[in-house]
Amino acid sequence: MGEKVSRNAEGYPDPTFGGAWGNMRREEKQREAERMAKINDLIPVMKQTAELAGFEVVGRITLRDKGTGKEYR
6 MGEKVSRNAE GYPDPTFGGA WGNMRREEKQ REAERMAKIN DLIPVMKQTA
56 ELAGFEVVGR ITLRDKGTGK EYR
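If you read the sequence shown in the numbering used here, its first letter stands for residue 6, the second for the next number, and so on.
Written out as structure tokens, the structure is:
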């Protein structure tokens, strides 16, 4: 009953599109989760590198994904 049904331009149910769209969103969410895991591993390494060089990170580290252009703060 609470399930959202995808509809075409005429308003008829379109389960093929709905299924494809759901698969695309699932894959997109998986890629985003993988990026976040990389960032979560990278930030401590960057802070440790700064520490070893005699520096301290005092602000937020902003990263930009070269492939997508998306910024992570």
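The C-beta atom is built at its ideal place from N, Cα and C for all residues, glycine as well.
In the three-state reduction of the DSSP assignment, E15 falls in the coil class, being assigned neither a helical nor a strand state. Where D46 is concerned, the enclosing alpha helix (DSSP H) starts and stops at P20 to L57.
In this structure, the straight-line span from the alpha carbon of M41 to that of Y77 is close to 9 angstroms. Per DSSP, reduced to three states, the secondary structure at E61 is coil, with no helix or strand assignment.
The beta carbon of K52 sits closer than 7 angstroms to those of V62, all from its chain and outside the five residues before and after it, given in chain order.
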